[in-house]
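A short write-up of the structure that comes next.
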Amino acid sequence: MIYHSTRNRGVTADSAQAVLSGLAPDGGLFLPAALPEFDAAACLSGTPEQMAVQILSALLPDIPHMDTLVHRGYSGKFTAPDLTPTVKAGDFTVLELFHGPTSAFKDIALCMLPQLLTAAREVKGQEKKILILTATSGDTGKAALAGFADVPGVGICVFYPDGGVSQIQRLQMATQEGANVSVCAVRGNFDDAQTGVKRIFAACADGKLLESRDFCLSSANSINIGRLAPQIMYYFKAYRDLLDRGEVKSGESVNFSVPTGNFGDILAGYLARELGLPVGRLICASNANNVLTDFLRTGTYDRRRELHKTASPSMDILVSSNLERLLYLLSRDPDLVRSLMEQLSEQGFYTVPASLKEKLDALFWGDFCTDEAGTRIIGRVWADYGYLCDPHTACGWAAAERYRAATGDCAPMVVLSTASPYKFADAVLTGLGASVPEDAFDRMDLLQEKTGVPIPRNLASLKGKPILHRTVLDREEMLPFVLKR
323 MIYHSTRNRG VTADSAQAVL SGLAPDGGLF LPAALPEFDA AACLSGTPEQ
373 MAVQILSALL PDIPHMDTLV HRGYSGKFTA PDLTPTVKAG DFTVLELFHG
423 PTSAFKDIAL CMLPQLLTAA REVKGQEKKI LILTATSGDT GKAALAGFAD
473 VPGVGICVFY PDGGVSQIQR LQMATQEGAN VSVCAVRGNF DDAQTGVKRI
523 FAACADGKLL ESRDFCLSSA NSINIGRLAP QIMYYFKAYR DLLDRGEVKS
573 GESVNFSVPT GNFGDILAGY LARELGLPVG RLICASNANN VLTDFLRTGT
623 YDRRRELHKT ASPSMDILVS SNLERLLYLL SRDPDLVRSL MEQLSEQGFY
673 TVPASLKEKL DALFWGDFCT DEAGTRIIGR VWADYGYLCD PHTACGWAAA
723 ERYRAATGDC APMVVLSTAS PYKFADAVLT GLGASVPEDA FDRMDLLQEK
773 TGVPIPRNLA SLKGKPILHR TVLDREEMLP FVLKR
């Protein structure tokens with residue numbers, strides 16, 4: 323299958339090379355020249371693993387033995403037998419994506435990406451080691467580290483904003499074992515870390531800086547199609563659950579409310595729709611960093627604003643990289659996309675044409691939730707339905723409620739729950755009206771005592787683990803750090 327850059331159709335790769343490269347050499351993102359024909363009904367009849375095999379085989383056909391890769395990626399790693407269970411809470415259905423090895427939705431993709439990457443490396447005869455570079459706002463980092471630790475022929479370096487992740491998220495990364503892993507805090511915010519990684523890719527794009535080194539670069543962020551594609555599966559899985567419970571009839575549309583930062587998770591929902599799943603409206607839920615809300619309402623994307631540190635740090639993002647893919651998919655105009663991305667880089671904002679804004683309006687709806695409002699929702703959802711949600715999920719819940727109130731659209735609603743509440747126990751305890759202990763592990767213990775919801779084993783086991791990664795860098799030091807490896 324031919325993939326090309328969102329900024330230039332002449333920059334091409336097959337699907338295996340697209341996974342290996344991560345970012346297109348011109349700075350764009352890889353997408354299929356045309357989405358494949360796909361039997362959505364047949365996909366819905368399978369198990370989650372079978373769904374993943376069908377979706378990934380269709381989108382990444384140059385990577386063989388997908389059934390084996392999927393089994394290796396998921397078998398024995400999730401506490402839920404069906405990987406991504408759904409739970410009814412009031413009028414909404416919650417899609418729980420936090421039952422993997424790091425208690426975050428990124429596990430669905432990052433249990434698969436090492437399998438896809440190593441298989442693609444073999445297909446392409448790549449002899450050099452692959453160095454994965456990843457910027458994280460909290461959850462991607464640990465999930466990538468866990469997925470790639472000690473994988474032969476692969477190294478990984480994760481950059482996160484210093485002081486910009488929760489205490490538990492930082493401990494998950496700083497205690498990561500593995501001879502092939504590095505973790506660095508970056509002074510600044512997530513956008514500084516993400517921009518630093520993109521600049522490293524740009525500096526190395528012509529190959530000269532890496533000629534004398536024994537590695538080439540790739541990415542575990544959702545800019546890599548191998549990271550994005552596995553996320554499509556759980557939209558099919560959620561729809562199948564609603565069918566099995568008789569809550570929808572075959573072909574009936576379902577709306578999804580998605581806590582969104584880098585726009586990868588919600589873009590997976592759009593791709594599911596394009597593959598034939600009856601996805602209705604995609605509700606883009608943000609926190610106080612509501613750049614996406616403003617974009618969907620006005621058509622102007624403007625990153626020229628203060629980045630707020632919030633209780634939902636995985637959404638503390640002002641440059642949503644995967645939005646570029648959506649702009650291309652809706653316009654099919656690489657010249658337009660390149661121009662918009664240049665405007666964003668040089669001027670800090672862009673405005674899409676009216677015709678593109680109309681297409682966005684027909685598919686997406688945006689809203690945001692402050693920390694204060696999220697705290698109230700955590701308490702109300704627990705009191706009313708006995709469901710414990712984290713701050714990101716609370717943003718999704720808030721946006722879903724506001725969408726229904728504003729539009730009167732009462733189609734079945736699925737709210738994506740992207741992280742365990744125990745990763746953000748301070749915010750959740752506040753929502754429950756409890757005092758918040760200083761120590762992160764005391765917070766988890768208190769939350770379990772008050773709710774009876776078990777602490778995930780992988781989080782409880784962090785207590786007492788030695789800190790292995792203490793490096794803190796300025797953004798300008800990231801490239802020299804990588805080249806010294």
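Going by the numbering used here, the residue at position 43 of the sequence shown is 365; the numbering climbs one at a time, nothing skipped.
Heads up, the beta-carbon is just placed ideally off N, CA and C, and yes, glycines get one too.
- Message: Quick check on the DSSP output: what are the complete beta strand (DSSP E) runs of length 3 or more inside the stretch 395-465, in order along the chain?
- Response: 408-411, 414-418 and 451-457
- Message: Going by the DSSP bridge assignment, what does G696 pair with across the sheet?
- Response: The count along the sequence shown starts at 1 and reaches residue 696 at position 374. In DSSP, G696 forms no bridge with anything.
- Message: So I777 and Y744 are supposed to be a Cβ contact under 8 Å. How far apart are they, rounded?
- Response: Numbered from its first residue, the sequence shown carries residue 777 at position 455. Numbered from its first residue, the sequence shown carries residue 744 at position 422. Correct: roughly 5 Å between the Cβ atoms.
- Item | Nearest-angstrom Cα separation, counted from S540 out to A431 | The residue labelled residue 431 in the question sits at position 109 within the sequence shown. The residue labelled residue 540 in the question sits at position 218 within the sequence shown. Going by the C-alpha atoms only, they are around 15 Å apart.
- Message: By the DSSP assignment, the beta strand (DSSP E) with T793 in it spans what residues?
- Response: In the sequence shown, the residue the question calls residue 793 occupies position 471. Note, T793: beta strand (DSSP E), T793 to L795.
- Message: Distance check for L378 and A468, CA to CA, integer angstroms please.
- Response: Counting from 1 along the sequence shown, the entry for residue 468 is found at position 146. Counting from 1 along the sequence shown, the entry for residue 378 is found at position 56. If you take the alpha carbons of A468 and L378, they lie about 21 Å apart.
- Message: I need the straight-line Cα distance from S783 to M495, nearest angstrom please.
- Response: What you label residue 783 is simply residue 461 of the sequence shown in a count that begins at 1. What you label residue 495 is simply residue 173 of the sequence shown in a count that begins at 1. C-alpha separation (whole angstroms): 13 Å.
- Item | Alpha-carbon spacing of F690 relative to A465, whole angstroms | Taking the first residue of the sequence shown as position 1, residue 690 is located at position 368. Taking the first residue of the sequence shown as position 1, residue 465 is located at position 143. Whole-angstrom Cα-Cα distance: 26 Å.
- Query: How big is the Cα-Cα spacing for N502 and F470?
  - Reply: As a first step, residue 502 is located in the sequence shown; it is residue number 180 there, counting from the start. As a first step, residue 470 is located in the sequence shown; it is residue number 148 there, counting from the start. Taking the straight line from one Cα to the other gives about 8 Å.
- Item | Among L439, Y396 and G395, the one whose alpha carbon lies nearest that of Q339 | Residue 339 sits at position 17 when you count from the first residue of the sequence shown. Here the closest residue by C-alpha is L439.
- Message: Quick check on the burial criterion: 16 or more other C-beta atoms within 10 angstroms. Buried or exposed for I324?
- Response: In the sequence shown, counting from the first residue as 1, residue 324 sits at position 2. Looking at its Cβ environment, which holds fewer than 16 other Cβ atoms inside 10 Å, I324 is exposed.
- Message: Looking only at its chain, what residues have a beta carbon closer than 7 Å to the beta carbon of G510, apart from the 5 residues adjacent to it on each side?
- Response: Locating residue 510 in the sequence shown gives position 188, where the first residue counts as 1. Excluding positions up to five away in sequence, the list reads P483 and R797.
- Task: Can you check the stretch 712-790 for any beta strand (DSSP E) of at least 3 residues that lies completely inside it and give the ranges in chain order?
- Result: 735-739
- List the residues that DSSP assigns as beta-bridge partners of G688. To locate residue 688, count along the sequence shown from 1; it is residue 366. In DSSP, G688 forms a bridge with C606.
- Any idea if V794 is buried or exposed, counting beta-carbon neighbours within 10 angstroms, 16 or more meaning buried? Working through the sequence shown from its first residue, we reach residue 794 at position 472. It counts as exposed.
- Query: Is the Cβ-Cβ distance between L381 and S337 less than 8 Å?
  - Reply: Taking the first residue of the sequence shown as position 1, residue 381 is located at position 59. Taking the first residue of the sequence shown as position 1, residue 337 is located at position 15. Yes; because the gap between Cβ atoms is below 8 Å, this pair is in contact.
- Can you check the stretch 334-370 for any alpha helix (DSSP H) of at least 4 residues that lies completely inside it and give the ranges in chain order? 337-343 and 362-366
- At a cut of 8 Å, does the stretch 442-451 reach the stretch 750-767 through at least three beta carbon pairs? no
- Query: If A597 and F578 are in contact, beta carbons under 8 Å, what's the gap, nearest whole angstrom?
  - Reply: The sequence position of residue 597 within the sequence shown is 275, counting from 1. The sequence position of residue 578 within the sequence shown is 256, counting from 1. The identity of residue 597 in the sequence shown is Leu, whereas the question assumes Ala. The pair is not a contact, with the Cβ atoms about 14 Å apart (cut-off 8 Å).
- Please say whether A457 and N543 have beta carbons closer to each other than 8 Å? The count along the sequence shown starts at 1 and reaches residue 543 at position 221. The count along the sequence shown starts at 1 and reaches residue 457 at position 135. Yes, they are a contact pair.
- Through-space distance from A721 to A727, alpha-carbon basis: What you label residue 727 is simply residue 405 of the sequence shown in a count that begins at 1. What you label residue 721 is simply residue 399 of the sequence shown in a count that begins at 1. Going from the Cα of A727 to the Cα of A721 covers about 10 Å.
- Item | Residues sharing a beta bridge with T673, DSSP | The residue you call residue 673 lines up with position 351 of the sequence shown. According to DSSP, T673 bridges with T622.
- Beta-ladder partner(s) of V703, from DSSP: Locating residue 703 in the sequence shown gives position 381, where the first residue counts as 1. According to DSSP, which records beta bridges pairwise, V703 is partnered with nothing at all.
- Report yes if the CB atom of G349 is closer than 8 Å to the CB atom of A525, and no otherwise. Position 27 of the sequence shown, counted from the first residue, corresponds to residue 349. Position 203 of the sequence shown, counted from the first residue, corresponds to residue 525. No, the pair does not count as a contact, with Cβ atoms beyond the cut-off.
- Message: Let's see if you can read the secondary structure: which residues bound the alpha helix (DSSP H) around I588?
- Response: In the sequence shown, residue 588 corresponds to position 266, counting from 1. Start and end: G586 to E596.
- Task: Mind checking who P581 pairs with in its DSSP beta bridge?
- Result: Reading the sequence shown from its first residue, position 259 is the one you call residue 581. According to DSSP, P581 bridges with A607.
- Query: Roughly how many whole angstroms lie between the Cα atoms of G602 and I490?
  - Reply: As a position in the sequence shown, residue 602 is number 280, starting the count at 1. As a position in the sequence shown, residue 490 is number 168, starting the count at 1. For G602 and I490, the distance between alpha carbons rounds to 35 Å.
- Paired residues, beta bridge with P802 - DSSP: Taking the sequence shown and counting its residues from 1, the one referred to as residue 802 is at position 480. P802 is not bridged to any residue.
- Message: Please state whether the Cβ-Cβ distance between L353 and Y650 is less than 8 Å.
- Response: On the sequence shown, residue 353 is found 31 positions in, with the first residue counted as 1. On the sequence shown, residue 650 is found 328 positions in, with the first residue counted as 1. Yes, Cβ-Cβ distance for L353 and Y650 is below 8 Å.
- Message: Can you tell me whether E646 is buried or exposed? The criterion is at least 16 other CB atoms within 10 Å of its CB, across all chains shown.
- Response: The residue given as residue 646 occupies position 324 in the sequence shown. Buried, because 16 or more other Cβ atoms sit within 10 Å of the Cβ of E646.
- Task: Would you mind sorting P675 into buried or exposed? The rule is 16 or more other CB atoms within 10 Å of its CB.
- Result: The count along the sequence shown starts at 1 and reaches residue 675 at position 353. The residue is exposed, with fewer than 16 neighbouring Cβ atoms inside 10 Å.
- When we look at the beta-carbon of D712 and count the other beta-carbons within 10 Å, is it buried (16 or more) or exposed? As a working mapping, residue 712 is identified with position 390 in the sequence shown. Per the 10 Å Cβ criterion, buried.
- Message: Relative to the C-alpha of A590, which candidate in E569, L618 and I545 has its C-alpha closest?
- Response: Within the sequence shown, numbered from 1, the residue matching residue 590 stands at position 268. Among E569, L618 and I545, the Cα nearest to that of A590 is on I545.
- Query: Which parts of the stretch 517-575 are runs of the beta strand (DSSP E), unbroken and 3 residues or longer, counting only runs that do not cross its ends?
  - Reply: 537-541
- Message: Between which two residues does the alpha helix (DSSP H) holding A496 run?
- Response: Residue mapping note: residue 496 aligns to position 174 of the sequence shown, counting from 1. Its alpha helix (DSSP H) spans residues Q489 to A496.
- Message: By alpha-carbon positions, which one of E771, A747 and K772 ends up nearest to L781?
- Response: Residue 781 sits at position 459 when you count from the first residue of the sequence shown. L781 has its Cα closest to that of A747, out of E771, A747 and K772.
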